[in-house]
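To start, the structure itself, in structure tokens.
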Amino acid sequence: MRKCLLAIAFLLLLAVQSQACNPEPGPQHFPVITELSPPPRIVSGYFSVYNSLNGLPHNEIKSILLFAADDKNYVIVGTIGHGLMIFDDEIWHTASKDGLFNFPETTVTALVKINSTSFYAGTPAGIFKARYSGGRFTFEQVATGHHEVLNVNAISQHPDEPEKFLIACDRVAGTLIDNSFTAFSMPEHLDPSGFSAIIVSDLGSFAGCNGGLFEISGNGLVPPSDTVKEIGWVNSLVKAGDRLFIASSNGVTQLMEEDKLESVLPGAWSTCLAFSAMPQEALSGKDFKAFENTGGSREMLQEDDPFESLRKQHATLQRDYAEYTRRFADQPIADPGAVDQMYQRFFDFYAAMDAINSGLRGKEVKVPLLRGLWIGTQDAGLVLFATNGRRYHLAADNSKLPADHVTAIACAEDGETWVGTSGGGLMRYHSRQIGGKGEVRNLLTCQPTRIRVLGDMLAIGTEDDGMHLYDIKSLSSYGHFTHSTIKGFHQKVTDFIFDQDGRLWVTGDKGVFVLSGKHWQQIKMVDDKNRKVDQTKTATDIIIDSQKRIFVAFADDDRVYNQVHFFDGNLLVRTDPAAVQRILEATGSAQLESIKTHALNGVYMRNFNFASAAASLAAFETGDSSKVTALLNTEHYLLVGLENGMQKMFDGESYKQLSKQGTGHIGAIANLFRLPGGTIVVQGSEGINEFDGQQYKLIVSPATGPGFKITDMCLDQLNPETYRISFSSSQGGGYSRYQESFWEKFYTTFPVISMAQADRIIFLASPEGVSYVIE
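Positions 1 to 775 (the working numbering) are the ones given, in order, by the sequence shown.
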């Protein structure tokens, strides 16, 4: 028993890697998956999106200011054409005569703090000064004595003269002192326009515009040197000691003493910059590790991290286990003393973790966020050069960033970062809180099989009472679908999913039903003799990929090719030896169309060998037969999880069984997910691993205690690069959230057999019904 538990537990330790497939491992079998954007894999912190779909009044963002007053943390947001929005206590406020503030309906291009009770707002109509008093903001226009309207693009405060502000306008730049504006003199032979950045730094004072970077000398502007001319149209400036970081149409460049320039992010039109951690030592384009957190007091410093000692212990445990597996890899039986020692260290580690988690329960402790230099771009999303020496690229196609045109960034002292976009609203990167969860409340009494969040609805499948749909916002019933209300419908519902056309697909003991508009239709299938028939078996899983391909599993103790079906637009069909034989007997365009439909050529990473068809058909599936329990379709192969703990993939040539030398023993496979960054997560009943396209990385699992079983998984909606699991045990069950190599557990008195998440609402299915808890 002890050896079995040890094998299960320690195969799951983080970063233990081995080849992915045997007998054909390596790149020729699993090619590197190249993404349009590098995978971000930010696994610390939450990402929240605010847009018109969830209460943000306007999506066109131009500027952001984080403003603290009266123990409140306001987020002041400037929009394009709609004035200001202010975020207070999870509520967005807009201009109102009797509300939090009143402000003109205009574009707000720049925001800068004056002191603890006031700030400036720059607009195309001039400069407005805000004053905070009695829980309300009031505004007055200043600098109205200038001979022309100030079309403001940027404002910055002088670090040594706090009453002095530098102003960048469309046709002029100057200073603002005591609400009075004085323009800088311009060289007669130059006519720069579009001043969009201005700053005072250790290298001097600068104003950026369409003509590059101008230096401010006295009360005038000096043209850029020949070296600096190549920067391009300057959009944003931030300082870091004796260096100046410049965002321009040619990318991001750092300016150092003696006009030395070094490219930081070449080629990407960069719109805005912000530091959540300051680089202290020399920072070059090749080494971004030299950062130092220089912000004020934070709620939790790294050295105050309650898990810090365990992080070090965890790293040591990883190294020791890697050495342990290498030492006994070729031995049928490991040394009993070494087994006992590793077994004890494993449980000591989790006992210490549970003790810390227990002590934190009910407290609000923030996990440290990634910090560094944030860069917004015109059409390539968001880049972070972090203090850990890594670069992260967040785009709309691989993260929660709502749009790739980033217009504004603001960072708080604790690392919280707000990002504004053009047309997509806001994204907030912030800490999560350990502990302090609410009570478990009952939603529905039933015998659930699986629960999933689908858009704004919670879908609940049951053993014998069809499917329930609940509205997530109101937590009220949206509909109950049974065989008595829909002719021929399922009694037992096993899975459900929305396709890209808004149709709801539901699997169960009557095969597959699809809801299009208000019409339900049962999908017919092709039998062994290629005849169209009604479905008589229970469909257990369904997936839909980005190419709208639909795959359905009918779990049975049979070959995988007999269990996996796909929807050809009319029927559910199989890619099995019989289907391939029919393709071989076909001719002309019918044969070519069938080859493409069955993904036998030009779809996945391999092609079926029609030249040696007999041999290829004889080897059409390798490995043992077992029930299909999970499916995931990628651009390179169809991945299949099995009840016996094995995985197989269809690569266009055949179904190939993957070796446990790569995948590890993690029990019956229940879920396969692909993270936005491209990593595939495999959840078994006894553990979890991640697959990056080349190697499997076995993840530390909270699988401790008698009778423990991992029952389900869902990606974390607030950070889809992380995930949650549900579990059952002899003492009940619960769910656990994985982030930064640690599992935060939440225990329940009942076994949890399935789970789903809608922002901060966690839905839990038990044998007696569905409950929820608000984090």
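Idealized CB from N, CA, C, for every residue including glycine. The structure displayed is predicted, hence computed values, not measured ones.
- Distance between residue 316 and residue 394, taken at the CA atoms: about 31 Å.
- Taking 8 Å as the cut-off, the Cβ atoms of residue 377 and residue 269 count as close.
- In terms of Cβ geometry, residue 759 and residue 717 form a close pair [threshold 8 Å].
- When the Cα atoms are used, residue 611 and residue 578 turn out to be separated by approximately 17 Å.
- Per DSSP, residue 373 lies in no alpha helix (DSSP H) segment; the continuous beta strand (DSSP E) that holds it begins and ends at 372-377.
- Under the DSSP assignment, residue 596 falls in the alpha helix (DSSP H) whose first and last residues are 588-597.
- Annotation for residue 252: 264, 265, 270 and 375 place their beta carbon closer than 6 Å to its own, counting only its chain and skipping 5 residues before and after.
- In the structure shown, residue 720 adopts coil according to DSSP, grouped into three states.
- Distance from the CA atom of residue 534 to the CA atom of residue 403, rounded to whole angstroms, is 45 Å.
- For residue 582, the secondary structure class from DSSP, reduced to helix, strand or coil, is helix.
- Taking all protein chains in view, the Cβ of residue 387 is crowded by 16 or more other Cβ atoms within 10 Å, so the residue is classified as buried.
- By the criterion of a C-beta distance shorter than 6 Å, residue 384 is surrounded in its chain by 372, 374 and 392, once the five residues flanking it on both sides are discounted.
- When the beta-carbon positions are compared, residue 675 and residue 726 stay at least 8 Å from each other.
- Rounded to the nearest angstrom, the gap between the Cα atoms of residue 508 and residue 452 is 15 Å.
- The three-state reading of DSSP puts residue 239 in strand, counting E and B together.
- Looking from the CA of residue 510, the closest CA among 140, 495 and 519 belongs to 495.
- Ranked by Cα distance from residue 529, the options 557, 582, 439 and 485 are led by 582.
- Residue 417 is positioned such that its CB atom lies no closer than 8 Å to that of residue 407.
- Where residue 506 is concerned, the enclosing beta strand (DSSP E) starts and stops at 504-508.
- Going by C-alpha positions, residue 122 is about 15 Å away from residue 236.
- Excluding its 5 nearest sequence neighbours in each direction, residue 137 has C-beta neighbours in its own chain below 6 Å: 101 and 130, listed in chain order.
- Taking 8 Å as the cut-off, the beta carbon of residue 150 is found no closer than this to the beta carbon of residue 177.
- In terms of Cβ geometry, residue 142 and residue 155 do not form a close pair [threshold 8 Å].
- Only residues of its own chain outside the window of five on either side were considered, and among them 468 have a CB closer than 6 Å to the CB of residue 480, listed in chain order.
- Per the C-alpha coordinates, the member of 258, 514 and 485 positioned closest to residue 497 is 514.
- Two segments are said to touch when three or more pairs of C-beta atoms, one from each, lie closer than 8 Å; by this definition the segment 599-607 does not touch the segment 518-532.
- Within the DSSP secondary-structure output, residue 421 pairs in a beta bridge with 406.
- Just measuring C-alpha positions, the residue of 654, 401 and 320 sitting nearest residue 338 is 320.
- With distances taken between CA atoms, residue 116 lies nearest to 73 out of 719, 73 and 553.
- Residue state for residue 610 is assigned as helix, using DSSP reduced to three classes.
- Per DSSP, residue 563 is one residue of the alpha helix (DSSP H) stretching across 560-563.
- Setting aside the 5 residues that flank it on each side, residue 50 is surrounded in the same chain by 56, 425 and 426, each with a C-beta closer than 6 Å to its C-beta; the list follows chain order.
- If the five residues before and after residue 64 are omitted, its C-beta is found closer than 6 Å to the C-beta atoms of 77, 408, 410, 418 and 420, all from its own chain and listed in chain order.
- With fewer than 16 neighbouring CB atoms inside 10 Å of its own CB, residue 91 falls in the exposed class.
- Rounded to whole angstroms, the gap between the alpha carbons of residue 733 and residue 711 is 10 Å.
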